[in-house]
Amino acid sequence: MANVSVAAEWQLLYNRYYRKPELYPLRWKNIDLSRNKVACAPFGGPIAVIRDDSKIVQLYSESALRKLRIFTSSGVLISDTVWKNPGGRLIGMSWTEDQTLICIVQDGTVYRYNIHAELIEPNVTLGKECFEQNVVECIFWGNGVVCLTEGGLLFCIPDFKVMRPCQLAETGTEDLPNCMAVIEPKYTVSGNVEVLVGVGDGILIVDEDGVQRVDGEAVQGPVQKMVVSWDGKYLAIFTHDGRILVTDINFKGVLLEYNCEADENLRLIQSSLPEAVEACIDAAGHEFDVSRQRTLLRAASYGQAFCSTKLDTCHCSATDNLQITFQRDRIQEMCKTLRVLNAVRDPEIGIPLSINQYKLLTPSVLIARLINAHRHLLALRISEYVGMNQEVVIMHWACSKITASLAIPDATLLEILLDKLKLCRGISYAAVAAHADKNGRRKLAAMLVEHEPRSSKQVPLLLSIGEEDTALMKATESGDTDLVYLVLFHIWQKRPPLEFFGMIQARPLPRDLFISYARCLLWFWWPSSYYGHLFDNGGQNEAFIKCYKHEFLKDFFLSTGQLQEVAFLLWKESWELGKNPMASKGSPLHGPRIKLIDKAQHLFAETKEHTFESKAAEEHAKLLRIQHELEVSTKQAIFVDSSISDTIRTCIVLGNHRAAMKVKTEFKVSEKRWYWLKVFALATIRDWEALEKFSKEKRPPIGYRPFVEACIDADEKGEALKYIPKLADLRERAEAYARIGMAKEAADAASQAKDGELLGRLKLTFAQNAAASSLFDTLRDRLSFQGVS
Amino acid sequence: MAQIPNLDNSPLNLKSLREQSQKDLVKILKDIRGKKCLVIEPKLGGSLSLIIQTSLLKEYGIELRHLSAEPVQTDCTKVVYLVPSQRDLMKSISSHVHDDISKGLQREYYIYFVPRREIQCERILEEEKVHHLITIGEYPLYIVPVDEDILSFELDLAYKQCQVDGDTGSLWHIAKAIHKLESTFGVIPNVRAKGKASVLVSDILDRMHTEEPMNSSDMALSEINTLILIDREVDMVTPMCSQLTYEGLLDEFLRINNGSVELDSSIMGVQQEGKKMKVPLNSSDKLFKEIRDLNFEVVVQVLRQKATSMKQDYTEMTTTNQTVSELKDFVKKLNSLPEMTRHINLAQHLSTFTSKPSFLAKLDMEHTIIEASSYDMRELLHSYGFEHMATLNNLEKAGLLKKQESKSNWLTVKRALQLVVEDTDTANPNDIAYVFSGYAPLSIRLVQHAVRSGWRAMEEILKLLPGPHTETKRLGFASSPSFATLQGASNGLDKIADGRRCLVLVVFVGGVTFAEIAALRFLSAQEGMAYDLIIGTTKMVNGHSLVETFFETIG
């Protein structure tokens, strides 16, 4: 391409050169812009076109129905749809940052379309007041809009992502404004939208809270048009007398008044090689023409090579080297970027991004836009090329594929999907399956979720597609009890009890977890003194819920034939009854309690393996009866719920030996235990006389040691002395003497026992006592002497 | 006297682990703006005392409370609960909220579940109709470093829940904890498990690797060479024996809790009548590190020697002329005086228990019981009351009680593994049996064999013990964990090239005692042992605390 033509494209405007290259001859046919409303998305985005219904136009060979058509920047039709929305004329139309088309009609209804011309539900309305007065003008910015009504009211949607309309303060003027401009929320101090309204001879600043008039030399007389700069810092004003003023957004002085005088001082560039290389690379980036890009990059590469040879011959410094690698990297980087840009600029794709736009947009947003436009293959290639995770692309592709493939049988579609999904490790099969389910393809969903390795994702989805059995199995396999509970609660709520029981019965982990949980409910739903205060009003209701849960667990055990577990529950109930202070008022408790235990006993008796439990329950019931009788006869409520041993002890302490004996015989308490209990009970009440008598009844089956212990524990050495001589074991006797401080007797016994080790130990005990100490030494010496002889 | 142990000498960088947990907690507290009342479940509070100093918490505008059934008394409008995921606690919290509502108090509630939120808890909050009033979060504290070689998962109830309730949630937690360690220290290539629960943990761990594969780069630097998982079920005898090491005895009589014991200050020679004080017990205390694992008999001798030598030094000091450097040495020794005093006091206190005839009788009995025994369950009910029926039922399910005596393999195992060692010299031990004065703990014998030669050499004996056993090798391919044998790697453990000893992580599923840890440290200190050992446990236990978890009265 001749240099002349390149230079000729550039035009001087003020102190900068600009050019306006034609990127595409638009491929659409019969689109007359003057007959249409048009909305172009920035950053090479799509173009929406619809016949302007505010103009009277002649219809050619076309339908009277209006069509909303969406084209790429190169004029290739993406989609179209018939416009039949109610609400009056279309007033404003614009694209949001995420490429949603916003259409606002007269009555304030906001319709939203995606780039496939599909209406996004639900529609939003700007509000009742807006509905009553027609919308006459809309001013859009990146992600919001301000609408003006016939009545001069201003309404605003500050953020299309949230879609929450609000009304701005009333301007209070009767005239409709000449012009308006918006300062985006991100550039205002308050963080709220501010609207500049050119009305009458001045400008008003309106926001949600109030109206403010602009003072300043800049505005003198009516304003015809206003524009806020892209960075929200400056305002350009076109005045009634044909001047253009640029002011600071705070109206602090006019920065520029355009008078068309050019700055002729062109800077002459002193070319030096590295800078030239840089410039070539940069220029290539900004160039849209592929062959020119190539020329520029080749020039850069050539120059860079020359740079390095030149430097190689000299003593090249570290910084020089660094610069060379830096330049090399930049050329490579630029090639990469341009490949991406050229790919999306292709007329078929039609996204003519400039390099700066691409950098602002970021590759990930570009990829998101491509997949939104169903350009999956290109998106995949680009994400692979720029080294990004392909998961997003493949996931979107898989979901779109499912939506678009209603006619393909499940098995075939599964193959197609798996073939691509396997490209990306760690991709969520569960998410794809969820999409399949949403599209009414439950079977496909089930097949897909089978491939999900993460149980935490797999199990919830299995539940949502009704595969409860599989969900329970997978949750159990995972070993994660939280997942098992998730499934349990789900099934518990959805299925009739018997079906639920049937599902968990043969599965140990779910079954045990259910039992553990149900037990805890039972445990807590019983009112206790502490929780009582919470349920003062709802006691009745509370008891009902509790009962139900309890019965639920019982039902489970009955349905699985675990009678002994039911028996245990009954037994527990009887205890709870005893502990419940509310229930103890009025009727005697032992009746119902014993009945429950009896019932438990019968259930235990049903199986051979539980004869021990059955016997224990029987004894427990018997004990309760006896204890109740004892409480009646002694008029002391201290027996119920103590153990058999304690009952005997209490009887003896109270001096009721006959009752003690009766308990002993009833429960066949062994002689040994009887002796232990009685000895210590008598020592407790310090009835030494009775103790001595007891020791003489017959030779105690437990020996005399407990007698000694009981006396020593009570610090009655004299009493202990009565029994120590009767200790048969000499070592025991020696130790007992030692414990009450009788060194000589201890020594004698120990030497009789011929136990040197014992003597040594006893000596330690008497370490403080010199006399005793030497006594032990003598004895031990004698003992060892004997040992030697 | 810091209760938080100094982890500088740890074979793994446990400090970073602890710092991460500190950061996580501080972040949670910082993110909730303004003054707030932090309500901590008491046991969790104990665990946290090993992570962060309470004084540090107060810097974030926090009023500290322990969770109880009583309503929270505070002026703060924000109440933050920090609790383990336990159903029973949900009732207390719900009742607090209801209580506030009835009093017309408007508060913001937060629950941070440790280590993660669980649906069974949230379900109760829903049933109590308070779920929507509470902001729920997680504090992922899976591991608490108790000392430089001990990691606790703080699962006191793990053994009971697995054995009695069939609730294996704790096993998932253990696997997750190990998985987390692996994400920091590399994937552990060798895994050996014995016992039902251990094998389950190993399975879940494998599953986690399939679900969330680690990068191959993580596989390369694996700081831990082998993981040995031992199920408490395999050896319930050892925890039931009285521990005879210094630390073990302290635990038996005074109960070590989160690395410290609480006792009357008078015992420690501090004259504050009736006041309790906490004495930290960890390896930051040099003297304790030296004597903790010795048989208590020996500890008394060591302390006496040290005291005598110090007294001698002192006499020399006062009677002869000393050079400055000698003076310096002496002062250095003096620095250890507080530690000396501390342990002499403790040892003295311990000997009041050990000298009792009842203690000696108990030891006698234990040594006989190591044979076999039978209980009369009816007698137990008669003495302790019928409400203990449920306890008996639990103990039976846990295999601690047997209604019918089945033929026991104990004698065969005892002989094959040489569990009873005659002539143990407790002062100069040559076998782990010194920790129980003649009984070598079965669990540690298993570890000893597993470390030395793997399970293969002892298949026959393993079969006699409860539960299955597995041995797996994991390849460094992230795509699919494969269990084929590593090419060129020998069966035993290999020494890491740079001369450091390689590391074995021994995890006790269901708890471990101090005596067992002493035995492990003894093994690790042996010449010719090429491995450092680090211990993971669901909780530090002893016979009492283990049996206590089974207590459940019907009433």
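Read top to bottom, the protein sequences are chains D and C.
Per UniProt numbering, the first sequence starts with residue 1, numbered consecutively.
Per UniProt numbering, the second sequence starts with residue 1, numbered consecutively.
Where is the CB? At the ideal position from N, CA and C, for every residue including glycine.
Just checking: is the beta-carbon of residue i within a distance shorter than 7 angstroms of some beta-carbon in chain C?
i: D107 (chain D); result: no
i: C520 (chain D); result: yes
i: S54 (chain D); result: no
i: E542 (chain D); result: Note that E542 (chain D) scores 41 on pLDDT, short of 50, meaning its location in the model is unreliable and no value can be drawn from it.
i: S645 (chain D); result: yes
i: L486 (chain D); result: yes
i: I749 (chain D); result: It is Ala, not Ile, that sits at residue 749 (chain D) in the sequence shown. So, not an interface residue.
Indicate whether residue i and residue j have their beta-carbon atoms separated by less than 7 angstroms.
i: H628 (chain D); j: I597 (chain D); result: no
i: V82 (chain D); j: R69 (chain D); result: no
i: P177 (chain D); j: V199 (chain D); result: yes
i: V79 (chain C); j: Y112 (chain C); result: no
i: D293 (chain C); j: T245 (chain C); result: yes
i: L296 (chain D); j: A284 (chain D); result: yes
i: V393 (chain D); j: I371 (chain D); result: yes
i: E41 (chain C); j: L67 (chain C); result: yes
i: I331 (chain D); j: A300 (chain D); result: yes
i: A445 (chain D); j: I427 (chain D); result: no
i: V421 (chain C); j: A440 (chain C); result: yes
i: L25 (chain C); j: K15 (chain C); result: no
i: L465 (chain C); j: V201 (chain C); result: no
i: M226 (chain D); j: I244 (chain D); result: no
Please look up how many angstroms separate the CB atoms of residue i and residue j, rounded, as I've assumed it's under 8 angstroms.
i: Y429 (chain D); j: L423 (chain D); result: That pair is no contact at about 13 angstroms.
i: V135 (chain D); j: I104 (chain D); result: 6 angstroms
i: V447 (chain C); j: V541 (chain C); result: With a Cβ gap of about 17 angstroms, V447 (chain C) and V541 (chain C) do not count as contacting.
i: A398 (chain D); j: V432 (chain D); result: 5 angstroms
i: G144 (chain D); j: V193 (chain D); result: 7 angstroms
i: E223 (chain C); j: G186 (chain C); result: 6 angstroms
i: P84 (chain C); j: L44 (chain C); result: 6 angstroms
Can you tell me which of the three DSSP states residue i falls into?
i: C76 (chain C); result: coil
i: residue 564 (chain C); result: Because chain C in this structure spans residues 1 to 555, residue 564 (chain C) falls outside the shown range and cannot be described.
i: N656 (chain D); result: coil
i: I204 (chain C); result: helix
i: T247 (chain D); result: strand
i: N393 (chain C); result: helix
i: V386 (chain D); result: coil
i: P541 (chain C); result: It should be pointed out that residue 541 (chain C) corresponds to Val in this sequence rather than to Pro. In the structure shown, V541 (chain C) sits in coil (DSSP, three-state: anything other than H, G, I, E or B).
i: P274 (chain D); result: helix
i: Y434 (chain C); result: helix
i: A52 (chain C); result: The amino acid occupying residue 52 (chain C) in the given sequence is Ile; Ala does not appear at that position. Three-state result, I52 (chain C): coil.
i: F522 (chain C); result: helix
i: R292 (chain C); result: coil
i: residue 793 (chain D); result: There is no way to answer for residue 793 (chain D), as the model of chain D reaches only from 1 to 789.
i: R495 (chain D); result: coil
i: I183 (chain D); result: strand
i: S346 (chain D); result: The displayed chain sequence assigns Asp, not Ser, to residue 346 (chain D). Residue state, collapsed to three classes: coil.
i: I427 (chain D); result: coil
i: I93 (chain C); result: helix
Taking only beta-carbon atoms, is residue i less than 7 angstroms away from chain D?
i: L381 (chain C); result: yes
i: R521 (chain C); result: no
i: Q73 (chain C); result: no
> Taking a cut of 8 angstroms between CB atoms, which residues from the region 383-397 of chain C lie near chain A?
Replying inline: Going by chain labels, chain A is absent from the structure shown, which instead holds the protein chains D and C.
>> Quick check on the DSSP output: what are the complete alpha helix (DSSP H) runs of length 4 or more inside the region 56-128 of chain D, in order along the chain?
In response: With a minimum length of 4 residues, no continuous alpha helix (DSSP H) run stays inside the region 56-128 of chain D.
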